[in-house]
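J.:
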Amino acid sequence: MVGHSMVSSDRDGNPDTPLGSTTTHETPAQLERTLFRKQSRHDSDTIFEAEDLPNSDQETFDGSRISEIKGRKGMVYKSEWFKTVLAMLSFFLATNLNHLALAIVMDIVSRNPLPDISHSMFKQSHVTRQMTDQATLYGSLGTTFFVLLFHKHRSIVLRRMFTIGTILFIMRAITISVTHIPPSYEDSETICEDPSQDVTFPIKRYFERSLNIFTTFGLQTSEIKLYCGDMLFSGHTTTAAISCFILNHYTPKALWPFRIAMITICVCAMVGAVLSRAHYTADVVLGYWISSLVFSFYHSFTYVKHRKRALCRPFRRALIFWIMFEMEKNVPYGRIPNDLDWPLPWPKYLKDGFRAWNLKTRTSRAGRISRFLAKYRLKLHF
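FYI, the numbering for the sequence shown is 1 to 382, going by UniProt numbering.
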């Protein structure tokens, strides 16, 4: 009571005194609780969970953790796995549309490459072609499994990732279907599959080709000839870029080494796509820019309050407005907490370890490591 009265009088007498001033007799943990109570009274839109508050004097937050939790009171992050599975199925259909488009286009495109400034400066490299495929595959799978296993709100993050991927790959299927650009390999006649001379429209053959592309995940590391013709919009770049954006946006700041690793993988995939001549330079540039714009557009929408979304004319002009509206209808606006979580109820020490990591407690090894990495992190502006 003494500490509480001193806090009240100090705040009333000096409005410049910060909340939770250390001139009181309250413990650090009590001061943090007081801070959260006062903030929640003045800001009805703030949200935080009671379980995130420290349970002892030793379990205190740093400034960044307080600012992250300050706005999460009363908000419920529903899993809505039905929407997530629907987004996954949509992504599956979108990628298969790309495979079908490529299966048809390869009989139409020429085999004479267009001039490209990067290709005129560097020789074609078959090693970088494998590097591009591996970087894209491992980067995307690593991001997906990390979110699925360790993110507390895994369903929401996966839903957003697959929804954005669906939008991008539908756009890609349209572009490679309407504009036919020849492959960029200098030895296209040797690398690419020969076009069919059949003048009819054999649907069966196209679906067989599409199935072959699907079984190799659209990668080019096999020794068989490649299906060529999916230019203008690099699928390797799109996959690598979205994986990079997701991992950087939905990981705690303490995991900055993983962010740097994913950025490196993304850059290697894009550079390798050009050096191997799997794509023209313009394909990679457009793939990155469009992926970045769609990702930013979608996440900007999530920062708009629900009651204002239907009235926001810039968003309503977009064809994907109702997709975003329905997918984000029950998700609290703003950035979701980037807390880690062990998905199983056992073993208990892993559960406790992830909780300690989130809280950055001084009494556990995981908390101390998290605190250290967050303190000495490289600021990547993500």
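We treat Cβ as the ideally placed atom computed from N, Cα and C, and that holds for glycine.
What you are looking at is a predicted structure, and each value in this text was computed from that prediction instead of being measured.
1. Rounded to whole angstroms, what is the Cα-Cα separation between Lys360 and Lys351?
2. Exposed or buried, what is Lys253 when buried is set at 16 or more other beta-carbons lying within 10 Å of its beta-carbon?
3. CB Phe169 to CB Asn98, shorter than 8 Å?
4. Suppose you measure from the CA of Val127 to the CA of Asn330; what does that come to, to the nearest Å?
5. Asp230: which of Ala282, Met262, Asn358, Ile242 sits nearest, CA to CA?
6. Along the alpha helix (DSSP H) that carries Tyr376, what are the first and last residues, could you check?
7. Less than 6 Å between C-beta atoms, sequence neighbours within five positions excluded: which residues of the same chain meet that for Trp342?
8. List, from N- to C-terminal side, the alpha helix (DSSP H) runs of 4 residues or more that fit wholly inside the segment 277 to 352.
9. Determine whether the Cβ of Thr302 lies closer than 8 Å to any Cβ atom of chain B.
10. Report the residue from Thr215, Trp289, Ile323 whose alpha carbon sits nearest the alpha carbon of Phe301.
11. If you run the structure through DSSP and keep just helix, strand and coil, what is Cys228?
12. Along the chain, which unbroken stretches of the alpha helix (DSSP H) at least 4 residues long are found entirely within the segment 88 to 144?
13. Give me the residue from Pro257, His299, Ser140 with the minimum Cα distance to Thr237.
14. Which residue wins for smallest C-alpha separation from Arg154, given the options Glu189, Glu80, Phe321?
15. Please identify the residue among Arg335, Glu326, Pro347, Phe372 whose C-alpha is closest to the C-alpha of Leu86.
16. My output table needs one value for His151: the three-state DSSP class, helix, strand or coil.
17. Short of 8 Å in beta carbon distance, which residues of its chain neighbour Ile290, apart from the five on each side in sequence? Order them along the chain.
18. Tell whether a beta-carbon distance below 8 Å holds between Thr166 and Phe245.
19. May I ask you to list the residues that DSSP assigns as paired with Ser192?
20. Going by DSSP in three states, Ser64 sits in which element: helix, strand or coil?
21. CA-CA distance, Leu317 and His299?
22. Which two residues bound the contiguous alpha helix (DSSP H) that contains Pro252?
23. Ordered along the chain, which non-local residues of its own chain (more than five positions away) have a Cβ less than 7 Å from that of Ser118?
24. Just checking, does the segment 105 to 120 make contact with the segment 172 to 183 on the three C-beta pairs under 8 Å criterion?
25. Just mark Thr251 as buried or exposed, buried being the case when its beta carbon has 16 or more other beta carbons within 10 Å.
26. Would Tyr206 and Ala94 qualify as a contact pair, given that the criterion is a beta-carbon distance under 8 Å?
27. Where does Pro257 fall in DSSP's three states?
28. Quick one: what does DSSP say Phe233 is sitting in, helix, strand or coil?
29. Tell me the DSSP secondary structure of Arg209 in three-state form.
30. Please report the straight-line C-alpha distance between Glu59 and Asn358, rounded to a whole angstrom.
31. What does a CB cutoff of less than 6 Å around Phe315 pick up in its chain, not counting 5 residues either side in sequence?
32. Closest by CA to Val271, which one among Val284, Ser296, Ser188?
33. With distance defined between alpha-carbon atoms, name the residue in His279, Tyr138, Arg309 nearest to Leu114.
34. Decide if Val267 is buried, meaning its Cβ has at least 16 other Cβ atoms within 10 Å, or exposed.
T.: Taking the coordinates as given:
1. For the purposes of this step, residue 360 is taken as the residue at position 360 of the sequence shown. For the purposes of this step, residue 351 is taken as the residue at position 351 of the sequence shown. If I take the Cα positions, the gap works out to 14 Å.
2. Here residue 253 is taken as the residue at index 253 of the sequence shown, counted from 1. That one is buried.
3. Working through the sequence shown from its first residue, we reach residue 169 at position 169. Working through the sequence shown from its first residue, we reach residue 98 at position 98. Yes, the Cβ-Cβ distance between Phe169 and Asn98 is below 8 Å.
4. The residue you call residue 127 lines up with position 127 of the sequence shown. The residue you call residue 330 lines up with position 330 of the sequence shown. Roughly 46 Å between the two C-alpha positions.
5. Taking the first residue of the sequence shown as position 1, residue 230 is located at position 230. When only C-alpha atoms are compared, the closest one is Ala282.
6. Walking along the sequence shown from the start, residue 376 turns up at place 376. Neither: Tyr376 is in no alpha helix (DSSP H) and is coded neither H nor E.
7. For the purposes of this step, residue 342 is identified with residue 342 of the sequence shown, where counting begins at 1. Cβ-Cβ distances below 6 Å link Trp342 to Leu350, Lys351, Phe354 in the same chain, with the five nearest sequence neighbours on each side left out; the list follows chain order.
8. Counting whole runs of 4 or more residues, the segment 277 to 352 contains the alpha helix (DSSP H) stretches 281 to 302, 306 to 309, 313 to 316, 321 to 327.
9. The structure shown contains no chain B, having only a single protein chain.
10. Position 301 of the sequence shown holds residue 301. Scanning Thr215, Trp289, Ile323 for the CA closest to the CA of Phe301 turns up Ile323.
11. Position 228 of the sequence shown, counted from the first residue, corresponds to residue 228. In this structure, Cys228 counts as coil in the three-state DSSP scheme.
12. Along the length of the segment 88 to 144, whole alpha helix (DSSP H) runs at least 4 residues long occupy 117 to 121, reported in chain order.
13. What you label residue 237 is simply residue 237 of the sequence shown in a count that begins at 1. Looking from the CA of Thr237, the closest CA among Pro257, His299, Ser140 belongs to Ser140.
14. Indexing the sequence shown from 1 puts residue 154 at position 154. Taking only the C-alpha atoms, the option nearest Arg154 is Glu80.
15. By 1-based counting over the sequence shown, the position of residue 86 is 86. Per the C-alpha coordinates, the member of Arg335, Glu326, Pro347, Phe372 positioned closest to Leu86 is Glu326.
16. For the purposes of this step, residue 151 is taken as residue 151 along the sequence shown, with counting starting at 1. Three-state DSSP puts His151 in a strand.
17. Stepping through the sequence shown from its first residue, residue 290 is reached at position 290. For Ile290, the CB contacts under 8 Å within the same chain, skipping 5 residues up- and downstream, are Leu168, Met171, Phe233, Thr238 in chain order.
18. On the sequence shown, position 166 is the one that residue 166 refers to. On the sequence shown, position 245 is the one that residue 245 refers to. Contact flag unset, no.
19. Taking the sequence shown and counting its residues from 1, the one referred to as residue 192 is at position 192. Per the sequence shown, residue 192 should be read as Cys rather than Ser. The partner list for Cys192 (beta bridge, DSSP) reads Leu226.
20. By 1-based counting over the sequence shown, the position of residue 64 is 64. Bear in mind that a pLDDT of 40 at Ser64, under 50, signals an unreliable position, so the model cannot answer this.
21. Start at 1 with the first residue of the sequence shown, and residue 317 comes out as number 317. Start at 1 with the first residue of the sequence shown, and residue 299 comes out as number 299. The identity of residue 317 in the sequence shown is Arg, whereas the question assumes Leu. Each residue's alpha carbon lies about 16 Å from the other.
22. Numbered from its first residue, the sequence shown carries residue 252 at position 252. Run containing Pro252: none; DSSP gives neither H nor E here.
23. One-based indexing of the sequence shown puts residue 118 at position 118. Cβ neighbours of Ser118 within its own chain (closer than 7 Å, five residues either side excluded): Val274, Thr281.
24. Contact between the segment 105 to 120 and the segment 172 to 183 is present, with at least three C-beta pairs closer than 8 Å.
25. Within the sequence shown, the letter at position 251 stands for residue 251. With 16 or more Cβ atoms within 10 Å of its Cβ, Thr251 is classed as buried.
26. Within the sequence shown, the letter at position 206 stands for residue 206. Within the sequence shown, the letter at position 94 stands for residue 94. Not in contact: Tyr206 and Ala94 (Cβ atoms no closer than 8 Å).
27. If you number the sequence shown from 1, residue 257 lands on position 257. Taken through DSSP and simplified to helix, strand or coil, Pro257 comes out as helix.
28. The residue labelled residue 233 in the question sits at position 233 within the sequence shown. Coil, per DSSP.
29. To locate residue 209, count along the sequence shown from 1; it is residue 209. Here Arg209 sits in helix by DSSP.
30. Mapped onto the sequence shown, residue 59 falls at position 59. Mapped onto the sequence shown, residue 358 falls at position 358. The predicted position of Glu59 is uncertain, since its pLDDT is 37 and thus under 50; a value taken from the coordinates is nonetheless stated next. Approximately 11 Å between the Cα atoms of the pair.
31. Along the sequence shown, one-based indexing puts residue 315 at 315. Within the same chain, Phe301, Phe321 come within 6 Å of Phe315 by CB-CB distance, once the 5 residues on both sides are set aside.
32. Here residue 271 refers to the residue found at position 271 of the sequence shown. Across the set Val284, Ser296, Ser188, the C-alpha of Val284 shows the shortest separation from the C-alpha of Val271.
33. Residue 114 sits at position 114 when you count from the first residue of the sequence shown. That would be His279, whose Cα lies nearest to the Cα of Leu114.
34. As a first step, residue 267 is located in the sequence shown; it is residue number 267 there, counting from the start. Burial is judged here by how many other beta carbons sit within 10 angstroms of a residue's own beta carbon; Val267 has fewer than 16 and is exposed.
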